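Numbering (numbering that gives the first Met the number 0), first residue to last: 0 to 322. First the structure, in the form of structure tokens, and then the observations on it.
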Amino acid sequence: MTGTGSGAGDRGVTGAGSGAGGRATADVGPGAADRATTGVSRRAADPAASVGRRAADPAASVGVEIQDDGLARVTLRRGQAGNAINLETARGLLDAARACERAAVRAVLLTGEGKSFCVGGDLREFSRLTGETLEKHLVAVTDALHEALRTFASIDAPQVAAVQGAVAGAGIGLAAAADVTLAADNVTFTAAYTGIGYSPDAGVSWQLPRLVGPKRAVELLLTNRRVPAAEAATIGLVSRVVPSGELAAEAERTAEALRRGPTRAFGATRRLVASGQTADLTRHLDDEARALAAAAASDEGREGVAAFLDKRAPDFTRIPSRP
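This is the structure in structure tokens:
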């Protein structure tokens, strides 16, 4: 894992590391994940964990807002620090992912406050520790962050990420994990891990080869060169680029369109694409056949076909998503 200190991403030194009406809101703040059931969340007694807690924003490092209509907004709230990921932010993301899972949301919109989406890990926090204490701390950070990524990947709801400014290290992992990644035209991506003698985390070494190809992925990870928005779109790192002033509105429109869609079919499609990266053709064709049959027999499938035959728009929102 690599990282940056407060505001480093805005100076170009990047790193990694780990709506209206009817809304349920929660600020995911210090210690929230300690109430969870995973083993890593119970490491709060470790010296490393206590350092992370002292370094965290006491108000909230991650916010999650879940509307009654099923749209969830997850916001990184350490804008003054470039949304660098410290222990509390990693745990905040895990709590947000679990909240989305429990609420069976229909779509997730991930954003970061301030100039940069996420500059990576918080080197200021990490630099306070050495030796075994640092190793334990980074294990705690990555365990929480990786469990958050696994949880987001396991739910049916599609995820949209809106990224701006500096995106580095684990920030690339968060952006790449989204199903639709919208980039402002001012964004730059930098792997940054090996620049400080670290190796990747946050799924970056898994996502990058699948998105941009193994040869280019290794080049980006070894050289840490900056990738501007236009190139990121060309090589497949992001879905599309929009003017920076239009990023928020376009991300909202995209997430809202997905919220109205067939959530279970979206989940099946996401899983097929993911498994298809490693499954052989015979197995994958069998998986497709089973998934299609289940989708056709579902409430969503019946509504979709009925709407088509009736020459009307389908209303998938009346069909509950599943936890």
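Ideal placement from N, C-alpha and C gives every residue a C-beta, glycine not left out. Remember, predicted model here, so these are calculated numbers, not experimental data.
- For residue 213, the three-state secondary structure derived from DSSP is helix.
- If only complete runs of 3 or more residues are kept, the segment 208 to 268 shows the beta strand (DSSP E) at 239 to 241, in order along the chain.
- In the DSSP assignment, residue 315 falls outside any beta strand (DSSP E) and carries neither an H nor an E.
- Runs of beta strand (DSSP E) with 3 or more residues, each lying fully within the segment 145 to 180, are found at 158 to 162 and 165 to 167, listed in chain order.
- Put simply, of 229, 166 and 192 the residue whose alpha carbon is nearest the alpha carbon of residue 217 is 192.
- A straight-line Cα-Cα distance of about 11 Å links residue 235 and residue 228.
- In this structure, residue 180 lies away from residue 118, with their beta-carbon atoms at least 8 Å apart.
- Rounded to whole angstroms, the Cβ separation of residue 254 and residue 106 is 5 Å, and the two are in contact under 8 Å.
- Within its own chain, the residues whose Cβ lies closer than 6 Å to the Cβ of residue 160, once the five positions on either side in sequence are excluded, are 109, 174, 177 and 180, listed in chain order.
- Under the 10 Å beta carbon count, residue 299 is surrounded by 16 or more other beta carbons and is classified as buried.
- Here residue 304 is exposed, its C-beta having fewer than 16 other C-beta atoms within 10 Å.
- Short of 7 Å from the beta carbon of residue 249, and not among the five residues preceding or following it, lie these beta carbons of its own chain, in chain order: 181 and 241.
- Counting every other CB atom within 10 Å of its CB across the protein chains shown gives residue 272 a total below 16, marking it as exposed.
- Relative to residue 215, the option among 198, 233 and 131 whose CA is nearest is 233.
- For residue 89 and residue 75, the gap between their C-alpha atoms comes out near 10 Å.
- In the DSSP annotation of this structure, residue 103 is not part of any alpha helix (DSSP H), being labelled neither H nor E.
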